[in-house]
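Take any residue in the sequence shown, note its place counting from 1, add 10, and you have its number in this note's numbering.
Cβ atoms here follow ideal geometry from the backbone N, Cα and C, with glycine treated the same way.
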Amino acid sequence: MTTPVPQIKLNSGASIPQLGFGVFLVDPADTQRVVEDALEVGYRHIDTATGYNNEKEVGAALRASGIPRDQIFLTTKLRNDHHKAGDVQGAFSRSLDALGLDYIDLYLIHWPMPANERYVDTWHAFEGFAADGRAKSIGVSNFLIPHLEKLLSETDVVPAVNQVELHPIFQQRELRKFHAEHGIHTEAWGPLGQGKYELFTLPAIQDAAKAHDVQPAQVVLRWHLQTGNIVIPKLNHRARMAQNFDVFGFELSDDEMAAIDALDENRRVGGNPAEVN
Ligand code: NDP
11 MTTPVPQIKL
21 NSGASIPQLG
31 FGVFLVDPAD
41 TQRVVEDALE
51 VGYRHIDTAT
61 GYNNEKEVGA
71 ALRASGIPRD
81 QIFLTTKLRN
91 DHHKAGDVQG
101 AFSRSLDALG
111 LDYIDLYLIH
121 WPMPANERYV
131 DTWHAFEGFA
141 ADGRAKSIGV
151 SNFLIPHLEK
161 LLSETDVVPA
171 VNQVELHPIF
181 QQRELRKFHA
191 EHGIHTEAWG
201 PLGQGKYELF
211 TLPAIQDAAK
221 AHDVQPAQVV
231 LRWHLQTGNI
241 VIPKLNHRAR
251 MAQNFDVFGF
261 ELSDDEMAAI
271 DALDENRRVG
281 GNPAEVN
């Protein structure tokens, strides 16, 4: 099938669909159905993690879909306790087994956990996964600028992405600038604010939704896409999966983008990566 989703070229040479589908907090009992629905709607980029306890069900959905492996982009992440224990090789192999795959498109360090001082060693192991082809791209998640600077100065491979909390209330301007200067792509988690803000009722978002005859969530996703972010909204319900996928038939004007840019309060909903250890 042809897809309207733009592909973004990563520094590894691989391409990632700019709009994907996240499965954080999707119950393992529901995951296969949810991911099969998402694939039927047209998503070809699925974001999971060992810590979500649903890799096995994601893998089952990929197989059940019958979609050729090379048409799906699959991300998973090293769980914090495996990272902390230095169990990186074992954790990666177990992820491949659980997913039933022989390679992962993008493998991420889930959190830097700076107090443990392991992320440089962990990254060396990740460089090995990229070299032997079992990870087509490697990246990080929740890294702050000092963590990225340390990786850039002490290791060889530049992370393909940094997946971080990012939404109109927490726009990560300084980090995005750093990424752009170093060839790292910005991937937004919690792109809709995890439903913890009344994002959808804010006038800048409501006005744009009315002007384009779309839902507020579609406006927020469109803002991410036009900002250049890779974006992975999560959903349980199929009707809204189609809504969140239907974001390529309209474009926000410069004024509408500026009004959403002005919502930034530099405020997180999730943990501060400096303090998650
Ligand atoms: P999101 O910002 O995607 O918000 C998800 C919530 O928004 C859910 O409650 C969902 O509803 C609701 N929602 C989605 N679409 C709509 C819509 N069109 N209208 C109304 N409500 C909507 O938060 P997530 O935390 O899930 O982030 C997305 C993904 O990012 C995760 O699934 C995961 O893959 C990744 N992530 C990564 C992290 C990291 O540390 N690297 C941390 C957190 C997330 P419903 O309840 O119906 O599904």
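8 angstroms Cβ shell around residue i - same chain, five flanking residues per side excluded
i: ALA291; result: Any question about residue 291 goes unanswered here, given that the chain covers just 11 to 287.
i: TYR62; result: VAL33, PHE34, LEU35, VAL36
i: ILE77; result: LEU49, ARG54
i: ARG89; result: ALA59, THR60, GLY61, ALA101, HIS120
Residues that residue i bridges to, as DSSP identifies them
i: ASN173; result: Correcting the residue type first, residue 173 is Gln in the shown sequence and not Asn. Beta-bridge pairing links GLN173 to SER151, GLU197.
i: LYS87; result: LEU118
i: PRO27; result: GLN17
i: LYS244; result: GLY32
i: ALA145; result: ILE114
i: PHE180; result: HIS177
i: ASP57; result: GLY32, THR85
Spatial distance of residue i from residue j (CA atoms)
i: PHE258; j: VAL15; result: 8 angstroms
i: ASP131; j: VAL224; result: 46 angstroms
i: ARG128; j: GLY149; result: 15 angstroms
i: VAL174; j: ALA24; result: 20 angstroms
i: PRO226; j: PHE210; result: 5 angstroms
i: ASP271; j: GLY52; result: 29 angstroms
i: ALA252; j: ALA219; result: 16 angstroms
i: SER75; j: ILE82; result: 11 angstroms
i: HIS93; j: TRP121; result: 9 angstroms
i: SER105; j: LEU111; result: 9 angstroms
i: THR60; j: ILE194; result: 23 angstroms
i: ASN246; j: ALA39; result: 12 angstroms
i: GLY143; j: LYS19; result: 18 angstroms
i: LYS66; j: ASP264; result: 43 angstroms
i: TYR207; j: ARG183; result: 20 angstroms
i: LEU262; j: ASP97; result: 45 angstroms
i: ASP80; j: ILE26; result: 11 angstroms
i: GLU164; j: SER147; result: 19 angstroms
i: SER103; j: GLU191; result: 33 angstroms
Assumed close pair residue i, residue j - CB separation to whole angstroms, cut-off 8 angstroms
i: GLU197; j: VAL168; result: Contact doesn't hold; Cβ gap of about 15 angstroms is too wide.
i: ILE119; j: PHE136; result: 7 angstroms
i: ALA141; j: TYR113; result: That belief does not hold up - the Cβ atoms of ALA141 and TYR113 are roughly 13 angstroms apart, past 8 angstroms.
i: PHE294; j: ARG232; result: This structure leaves residue 294 out entirely; the chain is present only between 11 and 287.
i: THR85; j: ASP107; result: Rounded, the Cβ-Cβ distance is 17 angstroms, inconsistent with contact.
i: PRO178; j: LEU273; result: 4 angstroms
i: ALA284; j: LEU154; result: 6 angstroms
i: LYS244; j: SER151; result: Actually they do not touch by this definition, with Cβ atoms about 15 angstroms apart.
6 angstroms Cβ shell around residue i - same chain, five flanking residues per side excluded
i: VAL229; result: ILE215, ALA218, ALA219
i: PHE31; result: ALA48, TYR53, ILE56
i: LEU161; result: TRP133
i: ALA269; result: ALA214
i: HIS234; result: ALA198, PRO201, VAL241
i: GLN204; result: VAL279
i: ALA70; result: GLN42
i: PHE255; result: VAL51, GLY52
Cβ shell of residue i (< 7 angstroms), same chain only, five flanking positions each side left out
i: VAL68; result: VAL33, THR41, VAL45, ILE56, THR58, LEU109
i: ASP47; result: ARG248, MET251
i: GLY280; result: GLU175, GLY200
i: ASN276; result: PHE180
i: ASN21; result: VAL168, ALA170, GLY193
i: LEU212; result: LEU273
i: ALA125; result: ASN287
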